[in-house]
Amino acid sequence: MCQQGYVVQDSGFNPMLTCSDTKGDFSGLNGDGKLPQCTEWDSENSFINYKLEEYYYFDGECWAAKERIKINFIAALQASLGNVCSATNCSVSSVEAYCFNETVHTRERRSERSTMSVSVVLTVATEGKNKISPAEAIMMQERIYQTRAESNVSLDMGGGMTLKLTSIQVSNPSITCPLGSYADRFTLSCVICSKGTYHDVGDNECRSCPRGQYQPISGQIECLECPAGTSTPEVASIDANQCVETCQPGYVSETGTIPCSPCDMGSYSAGYGQTQCSSCTGSKTTRANIAATSTDECYDFDLEFSSDKYSYGNASVVFTPTSNITSLYLSLWMKCSNCDRIMVITDANEKPVLSLGTSKGFINVTLCGFNLSFPVYGILDNPRWHHISLQVKDNNIIIFVDGGTEIKSSQACAYETVLTSGDYKLLIGGDTYVGSVTSLNLWDVSFNDSEILTLPRCVNDQRGNMIAWRQFQKLRPNAMILTTVQALLARMKAHA
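Following this line, the structure appears as structure tokens:
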């Protein structure tokens, strides 16, 4: 995949090509579907390491002799490895000696015998003419083992003291690389982190510079920050010229940089360089044509419908079910002085499908051509706010008033399907309605009793999946829109 002298810059890249008679599938790509970069590998500054461990039996005070044992071991090791690698490109480091005491019982006496472990790291420089291939590195591992096994059956400590060799272990070759590169296990070489990336020392990988940073030089351990108020549209940027202006609060784009678009109504963006807006909770919304920058700009609102001699205010939204609907749940708050019809749902031919209204002592519902009246004597006979929820399920209608009064009608509709796929319109007000409505939401699912009881609150986070209250704010309805403060003052006055 890469040209000679280059390797894939991704230590976790594990591609697989699967072929069949008709097609081939290539898997193992990054999340963005792109092949990882090819980058040069450093053959001049790498070192191959072997860890050599030898075990000896030792009669005597092992701990007292540790330092002398280490010195004699290094001398013996360097003398024996002359035919494996020269002193100019082989070095010994990290010499450790450990003693493990064991008691030996004989007929004559009880004595202490020690097992000693001596380990070293043998480092082979691979620069210039000493460069070796992975196959040669494996062969060197075998040669180190054979040389030590043949030449070191015991370790002469002087003064007639010897250590008897019991076993030898030589690790597989590993590679040590300078900062700015990581070890490639396949080529036993150092992969230099390319421009637009940095060396993550902790994970020992090359990582792309994140948005807002760049790196014009290869082999670096960190990226450079863009100037304040700017960022990069993509990751792995290599030049400061790629830093462009970020989106201001209230504006977003796919990259967080210009060109930017304002957040829609009902959402906001609080920071610079944002890629998406945050939604206001529940039925709250934001003002039209204003790029909101904080959740503080989200507010609840009421629609107030008045009348003159010739017309009554109204507001409507269109919604489109994509399949047949058998269950509906409608929830709203209302207060009115003339309440006849609160809302109606009509089909594409403007034929009423479901309507809800009140008359003195009754809630009136029309569904599938059936007119039904539910007695609510004395409950709605005041100008205060009331919560009404209407549930259509299994050809039955269940109405809750203020969360506590349940009225049920059986066999209210002769059809299992309430709405079919197609366009419908929900209209609030009109037809002599004078009053206010807020927090109207419509769902195409049925709620259980416990869920219904959570809805009759002046402020909640419920949002209909067919119609959500905030949609009415976007339509500039023929009604007065009261903001949070105005609405609260009106409600307080109504309850006074």
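Residue numbers (the working numbering): 1383 to 1878. Ideal Cβ placement from N, Cα and C applies to all residues, glycine included. Please read all numbers here as calculations on a predicted model, not as lab measurements.
Cutoff 7 Å; reference residue i; Cβ partners in own chain excluding five residues on either side
{"i": "ARG1845", "result": "GLY1664, SER1665 and ASN1823"}
{"i": "PRO1609", "result": "CYS1625"}
{"i": "PHE1440", "result": "SER1496, MET1498 and LEU1545"}
{"i": "TYR1432", "result": "LEU1504, GLN1523, ILE1526, VAL1552, SER1553 and PRO1555"}
{"i": "CYS1384", "result": "VAL1390 and CYS1420"}
{"i": "TYR1815", "result": "PHE1687, TYR1694, CYS1718, ASN1720, CYS1721, ASP1722, ARG1723 and ILE1724"}
{"i": "GLY1601", "result": "GLY1562, SER1563, ILE1574 and CYS1575"}
Selection from the options that minimises the alpha carbon distance to residue i
{"i": "PHE1752", "options": "GLY1760, ILE1745, VAL1735 and SER1651", "result": "VAL1735"}
{"i": "VAL1634", "options": "PHE1482, ALA1622, GLU1436 and TYR1654", "result": "TYR1654"}
{"i": "LYS1513", "options": "GLU1532, MET1539 and CYS1472", "result": "CYS1472"}
{"i": "SER1571", "options": "SER1402, HIS1769, ASN1465 and PRO1555", "result": "PRO1555"}
{"i": "CYS1662", "options": "ALA1458, ASP1682 and SER1462", "result": "ASP1682"}
{"i": "ASN1671", "options": "ARG1593, GLY1648, GLU1686 and GLN1656", "result": "GLY1648"}
{"i": "ALA1517", "options": "GLN1528, VAL1503 and ARG1567", "result": "ARG1567"}
{"i": "VAL1502", "options": "CYS1559, GLY1695 and VAL1477", "result": "VAL1477"}
{"i": "GLU1686", "options": "GLY1817, GLY1638 and ILE1770", "result": "GLY1817"}
{"i": "ASP1585", "options": "SER1719, TYR1564 and SER1600", "result": "TYR1564"}
{"i": "GLN1656", "options": "GLN1630, THR1677 and GLY1406", "result": "GLN1630"}
{"i": "ASN1847", "options": "THR1628, LEU1712, ASN1720 and LEU1749", "result": "LEU1712"}
{"i": "LYS1742", "options": "ILE1603, GLY1406, THR1639 and PRO1757", "result": "PRO1757"}
{"i": "LEU1459", "options": "SER1475, CYS1680, LYS1405 and VAL1827", "result": "SER1475"}
{"i": "ILE1640", "options": "ASP1646, ASP1403, PRO1592 and THR1628", "result": "THR1628"}
{"i": "ILE1453", "options": "VAL1500, THR1404 and ASP1407", "result": "VAL1500"}
{"i": "GLU1798", "options": "ASP1776, LYS1807 and SER1462", "result": "ASP1776"}
{"i": "SER1705", "options": "TRP1445, GLU1436, ASP1826 and GLU1449", "result": "ASP1826"}
{"i": "ALA1447", "options": "GLU1532, CYS1680, PRO1592 and ALA1479", "result": "ALA1479"}
{"i": "ALA1531", "options": "PRO1598, GLU1679, HIS1581 and LEU1463", "result": "LEU1463"}
Inter-residue CB distance, residue i and residue j (contact presumed, cutoff 8 Å)
{"i": "THR1722", "j": "ASP1813", "result": "According to the sequence provided, residue 1722 is Asp. The question's Thr does not apply to it. So it is a contact: roughly 6 Å between Cβ atoms."}
{"i": "ILE1557", "j": "LEU1434", "result": "With 8 Å as the limit, ILE1557 and LEU1434 do not qualify as a contact, their Cβ atoms being about 17 Å apart."}
{"i": "GLY1632", "j": "THR1675", "result": "4 Å"}
{"i": "ILE1550", "j": "GLY1562", "result": "That belief does not hold up - the Cβ atoms of ILE1550 and GLY1562 are roughly 36 Å apart, past 8 Å."}
{"i": "THR1579", "j": "ALA1618", "result": "6 Å"}
{"i": "THR1614", "j": "TYR1596", "result": "6 Å"}
{"i": "THR1508", "j": "ILE1451", "result": "Not really, about 30 Å apart at Cβ, beyond 8 Å."}
{"i": "GLU1604", "j": "GLY1594", "result": "So it is not a contact: roughly 13 Å between Cβ atoms."}
{"i": "SER1803", "j": "PRO1703", "result": "5 Å"}
{"i": "GLU1436", "j": "LEU1547", "result": "6 Å"}
{"i": "HIS1768", "j": "LEU1762", "result": "6 Å"}
Spatial neighbours of residue i in its chain, beta-carbon cut-off 6 Å, leaving aside the 5 residues before and after
{"i": "SER1409", "result": "MET1398"}
{"i": "VAL1726", "result": "PRO1734, SER1737 and LEU1809"}
{"i": "CYS1401", "result": "none"}
{"i": "LEU1482", "result": "It is Phe, not Leu, that sits at residue 1482 in the sequence shown. THR1497, listed in sequence order."}
{"i": "SER1821", "result": "SER1665, TRP1715 and TRP1851"}
{"i": "LEU1835", "result": "Bear in mind that the predicted position of LEU1835 carries a pLDDT of just 49, short of 50, making it too unreliable to give a figure here."}
{"i": "ARG1489", "result": "Residue placement at ARG1489 is flagged as unreliable, the pLDDT there being 49, under the threshold of 50; the coordinate-derived value follows with that caveat. Cβ within range, chain order: n/a, list empty."}
{"i": "ASP1538", "result": "THR1544"}
{"i": "CYS1467", "result": "VAL1506"}
{"i": "SER1755", "result": "PHE1744 and ASN1746"}
Local Cβ density within 10 Å of residue i, reported as buried at 16 or more and exposed below that
{"i": "TYR1759", "result": "exposed"}
{"i": "ASN1764", "result": "exposed"}
{"i": "GLN1658", "result": "exposed"}
{"i": "SER1515", "result": "exposed"}
{"i": "MET1874", "result": "Its pLDDT being 49, under 50, MET1874 is placed unreliably in this model, and the coordinates cannot settle the point."}
{"i": "SER1611", "result": "Looking at the sequence provided, one finds Gly at residue 1611 rather than Ser. The residue is exposed, with fewer than 16 neighbouring Cβ atoms inside 10 Å."}
{"i": "VAL1418", "result": "The identity of residue 1418 in the sequence shown is Pro, whereas the question assumes Val. Buried: at least 16 other Cβ atoms inside 10 Å."}
{"i": "ASP1684", "result": "buried"}
{"i": "VAL1506", "result": "buried"}
{"i": "MET1884", "result": "This structure leaves residue 1884 out entirely; the chain is present only between 1383 and 1878."}
{"i": "ASN1696", "result": "buried"}
{"i": "GLY1811", "result": "buried"}
{"i": "GLU1443", "result": "exposed"}
{"i": "SER1651", "result": "buried"}
{"i": "GLN1528", "result": "exposed"}
{"i": "SER1536", "result": "exposed"}
{"i": "ALA1673", "result": "buried"}
Close beta carbons around residue i, own chain, < 8 Å, minus the five adjacent residues each side
{"i": "LYS1790", "result": "ASN1778, ILE1779, ILE1780 and ILE1781"}
{"i": "SER1359", "result": "The chain is shown only over 1383 to 1878; residue 1359 falls outside these bounds and no answer can be derived."}
{"i": "VAL1800", "result": "ILE1707, THR1708, SER1709, LEU1710, VAL1735, LEU1736, LEU1749, CYS1750 and VAL1774"}
{"i": "VAL1583", "result": "LEU1561 and ILE1603"}
{"i": "GLN1855", "result": "MET1647, GLY1648, THR1667, ALA1670, PHE1683 and ILE1863"}
{"i": "ALA1461", "result": "none"}
{"i": "ILE1849", "result": "VAL1699, PHE1701, LEU1808, LEU1822, ASN1823 and LEU1824"}
{"i": "TYR1692", "result": "Note that TYR1692 scores a pLDDT of 48, beneath 50, so its modelled location is shaky; the value from the coordinates is reported in the next line. So the list is empty, once near-sequence residues are dropped."}
Any chain B beta carbon closer than 8 Å to residue i
{"i": "LEU1809", "result": "Absent here is chain B; the protein component of the structure consists of one chain."}
beta-carbon residue i near the ligand HEM non-hydrogen atom, thresh 7 Å
{"i": "ALA1730", "result": "As far as ligands go, the structure on display features none, and thus does not contain the ligand HEM."}
- Can you give, in chain order, each stretch of the beta strand (DSSP E) that sits fully within the region 1702-1780 and has at least 3 residues? 1710-1720, 1723-1728, 1734-1741, 1744-1749, 1752-1757 and 1768-1775
* Which ranges would you report for the beta strand (DSSP E) in the region 1606-1685 if only whole runs of at least 3 residues count? -> none
task = Note down, one range per segment and in chain order, each beta strand (DSSP E) of at least 3 residues found wholly within the region 1419-1456.
result = 1420-1424 and 1429-1441
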